[in-house]
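The opening residue of the sequence shown carries number 16 in our numbering; numbering runs sequentially from there. For reference, the structure discussed in these notes is given below.
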Amino acid sequence: MSSAQNRKEFTSRFSARTTLLTGLLIGVVSGVVVYSIIVWTIRSSNSGMGSSSYSTESTDTQRLANSFDTIFSDELSQSDFFGLTESLSTLTQHDLKKLIKKSSNLPWNTRLYTLQEMLVEFLVHISPKEALASLVDFDEHRRLVLLRVVFACWSKTNLEQALSAATELPQSEQHSVLRAIFTEQNSLSSEDLLSISSKHNLESELIAWHRELETFEVLDQEPAKALDLLANDEIDDFLQMDLYRQIVDKWYQLDGMNIIPQIGNARLRESLWSELFDFVTGRDRVVALDYLFGDSERISRPGLAQHLINYWVKDNAEEAFQAVQDLPNSQFRNSMMQRLVFDWAETDPNAVLERLMDIPRFYRSSVLSAAAAELAQDNPKDVLDRISSFRSLPGTNIGSATRTIIRNWSDDEPTQSLEWVQTNTIKGSTLRNDLLSEVLGEYALEEPEQAMKIAVQEFISAEVYPNLESSVIRSLLFANRLDTAKELLGQVRGENRVSQTIEVGVEFAKKSQIDEVITLSSSIPEERNSDYFYQLVTRLTIYDRVSEIMEVISKIPNTEVQSDVAEQLLSAGYGDSTFTTEQVETLRSYVSE
Numbered sequence: 016m017s018s019a020q021n022r023k024e025f026t027s028r029f030s031a032r033t034t035l036l037t038g039l040l041i042g043v044v045s046g047v048v049v050y051s052i053i054v055w056t057i058r059s060s061n062s063g064m065g066s067s068s069y070s071t072e073s074t075d076t077q078r079l080a081n082s083f084d085t086i087f088s089d090e091l092s093q094s095d096f097f098g099l100t101e102s103l104s105t106l107t108q109h110d111l112k113k114l115i116k117k118s119s120n121l122p123w124n125t126r127l128y129t130l131q132e133m134l135v136e137f138l139v140h141i142s143p144k145e146a147l148a149s150l151v152d153f154d155e156h157r158r159l160v161l162l163r164v165v166f167a168c169w170s171k172t173n174l175e176q177a178l179s180a181a182t183e184l185p186q187s188e189q190h191s192v193l194r195a196i197f198t199e200q201n202s203l204s205s206e207d208l209l210s211i212s213s214k215h216n217l218e219s220e221l222i223a224w225h226r227e228l229e230t231f232e233v234l235d236q237e238p239a240k241a242l243d244l245l246a247n248d249e250i251d252d253f254l255q256m257d258l259y260r261q262i263v264d265k266w267y268q269l270d271g272m273n274i275i276p277q278i279g280n281a282r283l284r285e286s287l288w289s290e291l292f293d294f295v296t297g298r299d300r301v302v303a304l305d306y307l308f309g310d311s312e313r314i315s316r317p318g319l320a321q322h323l324i325n326y327w328v329k330d331n332a333e334e335a336f337q338a339v340q341d342l343p344n345s346q347f348r349n350s351m352m353q354r355l356v357f358d359w360a361e362t363d364p365n366a367v368l369e370r371l372m373d374i375p376r377f378y379r380s381s382v383l384s385a386a387a388a389e390l391a392q393d394n395p396k397d398v399l400d401r402i403s404s405f406r407s408l409p410g411t412n413i414g415s416a417t418r419t420i421i422r423n424w425s426d427d428e429p430t431q432s433l434e435w436v437q438t439n440t441i442k443g444s445t446l447r448n449d450l451l452s453e454v455l456g457e458y459a460l461e462e463p464e465q466a467m468k469i470a471v472q473e474f475i476s477a478e479v480y481p482n483l484e485s486s487v488i489r490s491l492l493f494a495n496r497l498d499t500a501k502e503l504l505g506q507v508r509g510e511n512r513v514s515q516t517i518e519v520g521v522e523f524a525k526k527s528q529i530d531e532v533i534t535l536s537s538s539i540p541e542e543r544n545s546d547y548f549y550q551l552v553t554r555l556t557i558y559d560r561v562s563e564i565m566e567v568i569s570k571i572p573n574t575e576v577q578s579d580v581a582e583q584l585l586s587a588g589y590g591d592s593t594f595t596t597e598q599v600e601t602l603r604s605y606v607s608e
């Protein structure tokens with residue numbers, strides 16, 4: 016379709032819908048004005064306030080400020096209101112700005128917003144730019160409302176200036192302000208409004224506003240369709256968040272919590288879906304949880320209730336905990352309880368520890384570890400002392416929580432965490448061994464010789480896992496400190512020395528330092544050389560290091576060992592799957608007849 020046809024179609028649909036919107040707006044505004052006058056008239060019959068309070072034409076700032084105070088402390092009669100309007104029309108720019116600033120700090124009452132808008136309108140007629148500047152003291156929400164007032168009035172006197180100024184606002188404000196301008200300019204022909212908007216590169220905003228009108232047209236009858244229209248346009252969802260909320264609010268009034276799964280199926284972006292889900296369920300989360308429990312098998316997105324718990328814990332974890340506890344015993348309840356207590360441990364670990372006895376036994380140990388880890392980020396020593404008080408509580412595993420804290424602590428302060436373990440655990444115990452395995456790896460990066468010395472001294476038996484010597488070597492290899500690891504191999508005990516030498520040899524081979532691989536073989540018993548080389552080359556097959564494997568085997572100094580390794584590789588089936596035909600033939604040539 017051509018651009019001209021698009022413009023023509025837009026103009027036609029725009030005119031019809033704008034006419035409809037105009038009628039609705041005029042009706043709403045008229046109703047509000049009449050209602051306000053009636054309310055003020057009724058109140059005036061009971062008011063002791065004289066009608067002369069605002070009849071003065073004086074523009075003295077102090078007297079005006081005093082009169083303005085009176086408005087918010089006494090009832091305002093109808094005659095007072097008309098007198099006030101007349102007085103405001105005589106004020107100077109300075110007086111109006113002063114009163115607007117004063118009003119921004121007043122507590123809310125039934126007349127505050129109306130009077131603020133009146134003051135702003137009068138200032139716009141004097142200086143739109145000053146009216147815009149006068150809103151600096153208002154909170155974000157109120158500022159946005161008054162911005163719409165400023166630009167709606169401004170557009171009536173100078174549409175071009177108003178549009179130009181609107182384009183300089185932040186995008187979040189610009190979107191709302193432009194809607195106010197377009198609505199105010201409904202008397203313009205659609206072609207004229209489109210032409211003027213195009214001059215300021217706002218044609219897309221005008222079209223977006225037109226689509227919003229279409230959305231509102233179907234909202235009363237088909238909220239789901241209205242949501243679909245909004246979700247499938249080209250406008251950033253963030254800029255339309257208020258409109259999304261209006262649609263969902265209307266939909267909720269019609270169908271209640273039944274809209275939850277339908278929103279979930281609307282193919283919205285995850286962040287938008289989460290925002291709307293919380294908007295709906297936030298009205299009554301207990302009711303929402305009960306609804307999701309009753310519908311848990313039918314709803315197509317099982318994570319809905321977990322999203323509810325996530326938001327709920329941030330706002331009121333105690334209420335969420337009680338609501339989940341009150342659910343009938345079921346898989347749904349167990350799942351919600353698990354999500355709740357772990358989220359709670361992250362957001363308010365102190366509260367979780369205080370309620371640990373009330374948390375189901377099945378989750379206590381894991382929750383204790385999670386909460387303790389959060390708290391230990393600031394003072395691990397104090398937290399380690401604190402969790403010891405839970406040792407007698409059924410379902411808790413102090414050792415697991417302690418390991419979590421020590422692991423995290425050693426990342427930042429390996430020396431201090433090592434000292435704590437050595438001071439507060441029993442030598443030879445499995446707990447001490449577990450904690451040392453967490454600490455020594457980090458400590459080895461600072462003091463490798465001392466770390467290996469401690470690992471040897473703390474040795475319990477070959478059957479105890481994890482092996483502390485292995486923890487030291489593994490940490491050094493991970494940090495790419497191969498030479499240091501090689502130097503420490505001589506301190507590794509008995510059988511473990513072969514396995515650790517293989518670990519170091521593999522890393523040298525991966526760096527194509529084959530001579531180092533061969534040199535390492537001399538540090539282990541001669542009768543274990545075949546095991547060393549065979550295990551090393553089979554490990555290299557995992558990393559697809561075929562050329563390194565061939566070079567290692569070719570450089571094995573002992574021909575008997577070389578033959579044994581090559582024969583084992585071929586017998587184990589590595590030949591066809593790992594090596595080329597030529598390489599297989601080379602391996603066969605190493606095998607003794």
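Don't be surprised by glycine CBs; every beta carbon is placed ideally from N, CA and C.
Using a 10 Å radius around the Cβ and a threshold of 16 neighbouring Cβ atoms, would you call ASP579 buried or exposed?
By the neighbour-count definition (other C-beta atoms within 10 Å, threshold 16), ASP579 is a buried residue.
Answer with buried or exposed for GLY456, where buried requires no fewer than 16 other C-beta atoms within 10 angstroms of its C-beta.
By the neighbour-count rule (16 or more Cβ atoms within 10 Å), GLY456 is buried.
If we count the other Cβ atoms within 10 Å of its Cβ and call it buried at 16 or more, is ILE568 buried or exposed?
Sixteen is the threshold: when 16 or more other Cβ atoms of the shown chains lie within 10 Å of the Cβ of ILE568, as they do, the residue is buried.
In the DSSP assignment, find the unbroken alpha helix (DSSP H) run with SER415 in it and report its ends.
From DSSP, the alpha helix (DSSP H) with SER415 extends over 413–427.
Between SER380 and chain D, is there a C-beta pair that is closer than 7 Å?
Given the protein chain composition of this structure (a single chain), no chain D is represented.
Would you kindly report the start and end of the unbroken alpha helix (DSSP H) that includes GLU285?
Counting along the chain, the alpha helix (DSSP H) containing GLU285 begins and ends at 285–296.
Supposed close pair ARG406, ILE413 - CB separation, criterion 8 Å
5 Å between Cβ atoms; contact.
Under a Cβ-count criterion, where at least 16 other Cβ atoms within 10 Å of its own Cβ denotes burial, should TYR480 be classed as buried or exposed?
It counts as exposed.
So, with DSSP's three-state summary, where would you put LEU14?
Past the boundaries of the shown model lies residue 14; the chain is included only from 16 to 608, so the question cannot be answered.
Let me know if ASP358 comes out buried or exposed under the rule of 16 or more other beta-carbons within 10 Å of its beta-carbon.
It counts as buried.
Is it buried or exposed, ARG300, if we count other Cβ atoms within 10 angstroms and call 16 or more buried?
Residue burial is scored here from C-beta neighbours: ARG300 has at least 16 other C-beta atoms within 10 angstroms and is therefore classed as buried.
Quick check: the Cα distance between ALA386 and ASN280, rounded to an integer number of angstroms?
Distance from the CA atom of ALA386 to the CA atom of ASN280, rounded to whole angstroms, is 35 Å.
Let me know if LEU178 comes out buried or exposed under the rule of 16 or more other beta-carbons within 10 Å of its beta-carbon.
By the neighbour-count definition (other C-beta atoms within 10 Å, threshold 16), LEU178 is a buried residue.
Terminal residues of the alpha helix (DSSP H) in which GLU518 lies:
Element bounds for GLU518: 509–525.
Cα-Cα separation, SER213 to VAL302:
Between the alpha carbons of SER213 and VAL302 lies a distance of about 49 Å.
Label MET352 either buried or exposed according to how many other C-beta atoms from any shown protein chain fall within 10 Å of its C-beta, with 16 as the threshold for buried.
With 16 or more neighbouring CB atoms inside 10 Å of its own CB, MET352 falls in the buried class.
Taking the alpha-carbon positions, what's the GLU183 to GLN176 distance?
Computed Cα separation, rounded: 11 Å.
Would you list, in sequence order, the uninterrupted beta strand (DSSP E) runs of no fewer than 3 residues that lie entirely inside the region 151–238?
Correct list: empty.
How big is the Cα-Cα spacing for LEU460 and LYS526?
In this model, LEU460 and LYS526 are separated by some 21 Å (Cα to Cα).
Give me the Cα-Cα distance between ALA500 and VAL519, rounded to the nearest whole angstrom.
Cα to Cα, the separation comes out at about 7 Å.
Is VAL328 near THR362, with beta carbons less than 7 Å apart?
Cβ distance < 7 Å, so VAL328 and THR362 count as in contact.
Work out the CA separation of ASP110 and GLU101 for me, nearest whole Å.
Their Cα atoms are separated by approximately 14 Å.
Could you give the residue range of the alpha helix (DSSP H) that holds SER476?
Taken as a continuous stretch (DSSP letters only), SER476 belongs to no alpha helix (DSSP H), as it is neither H nor E.
Hey, VAL192 and LEU162 are a contact pair by Cβ (cut 8 Å); roughly how many whole angstroms apart?
Cβ-Cβ separation between VAL192 and LEU162: approximately 5 Å, consistent with a contact (criterion under 8 Å).
Evaluate the contact criterion for the region 495–511 versus the region 439–457: three or more CB pairs, one atom per stretch, below 8 Å.
Taking 8 Å as the limit for Cβ pairs, the verdict is that the region 439–457 does not touch the region 495–511.
Rounded to the nearest angstrom, what separates PRO463 and LEU433 at their Cα positions?
Straight-line Cα distance between these residues: approximately 14 Å.
What's the C-alpha gap between ASP397 and SER403?
Straight-line Cα distance between these residues: approximately 10 Å.
Residues near ILE374 in its chain [Cβ-Cβ closer than 7 Å; skip 5 each side]
Exclusion of the five residues before and after ILE374 leaves VAL356, VAL382 as the residues of its chain whose Cβ lies within less than 7 Å of its Cβ.
Quick check on TYR378: buried or exposed, where buried means 16 or more other Cβ atoms within 10 Å of its Cβ?
Within 10 angstroms of the beta-carbon of TYR378 lie 16 or more other beta-carbons, which makes it buried.
Quick one: Cα of SER476 to Cα of LEU446, how far?
C-alpha of SER476 to C-alpha of LEU446: approximately 14 Å in a straight line.
For ASP257, the nearest candidate out of ALA320, SER187, GLU237, SER592 (CA to CA):
The residue with the shortest Cα to Cα distance from ASP257 is SER187.
Tell me, to the nearest whole angstrom, how far the beta carbon of ALA181 is from that of ILE196; I am working on the premise that it is less than 8 Å.
ALA181 to ILE196, Cβ: 7 Å. Contact.
Using the three-state DSSP reduction, which class does ARG489 fall into: helix, strand or coil?
Helix.
Using the C-alpha atoms, what's the distance from LEU203 back to LEU130?
Cα-Cα distance, rounded: 29 Å.
Nearest to ARG126 by CA position, among LYS112, PHE253, LEU99, LEU245, is which residue?
Put simply, of LYS112, PHE253, LEU99, LEU245 the residue whose alpha carbon is nearest the alpha carbon of ARG126 is LEU99.
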